[in-house]
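Numbering (this note's numbering), first residue to last: 169 to 260. Working notes, beginning with the structure itself.
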Amino acid sequence: MNGFGRLEHFSGAVYEGHFKDNMFHGLGTYTFPTGAKYTGNFNENRVEGEGQYTDVQGLEWCGNFHFTAAPGLRLKLHITSRKIRKTSQNMV
């Protein structure tokens, strides 16, 4: 497959985005069976480059991903009820 498409796995995982030679390649969203998801760049089925990971609790992490590691991953700012919580947390 080449171009934009959607792939649903029997595990419940779903990929929607660009394909090249039957691989995830380019911008896309991968939703894990748990409900967590990654949106960003893929290179030959691997996360690669700028992206955002949202965990099952809804916390959003953004950074530059390389395969599965993300040096300098940051927790995005969330403002609720007029209270400002920690603006970012750098993970090394």
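Cβ atoms here follow ideal geometry from the backbone N, Cα and C, with glycine treated the same way.
Checklist line | Spatial neighbours of Phe210 in its chain, beta-carbon cut-off 6 Å, leaving aside the 5 residues before and after | finding: Position 42 of the sequence shown, counted from the first residue, corresponds to residue 210. Annotation for Phe210: Phe192, His193 and Gly196 place their beta carbon closer than 6 Å to its own, counting only its chain and skipping 5 residues before and after.
Check: Going along the chain, which residues of its own chain have a beta-carbon closer than 6 Å to the beta-carbon of Met169, five neighbours each way excluded?
Finding: Translated into positions along the sequence shown, residue 169 becomes position 1. Result list for Met169: Phe187 and Asn190, in chain order.
Check: Near Phe235, what residues of its chain come up, given a Cβ to Cβ distance below 8 Å and the 5 sequence neighbours on each side ignored?
Finding: Locating residue 235 in the sequence shown gives position 67, where the first residue counts as 1. Same-chain partners within the cutoff: Arg214, Val215 and Glu216.
Check: For Asn232, does the three-state DSSP call read helix, strand or coil?
Finding: Against the sequence shown, residue 232 aligns to sequence position 64. DSSP places Asn232 in strand when its eight states are reduced to three.
Margin query: At 3 residues or longer, what runs of the beta strand (DSSP E) sit wholly inside the stretch 177 to 220?
Written below: Taking 3 residues as the minimum length, the beta strand (DSSP E) runs contained wholly in the stretch 177 to 220 are 182 to 188, 191 to 199 and 205 to 211, in order along the chain.
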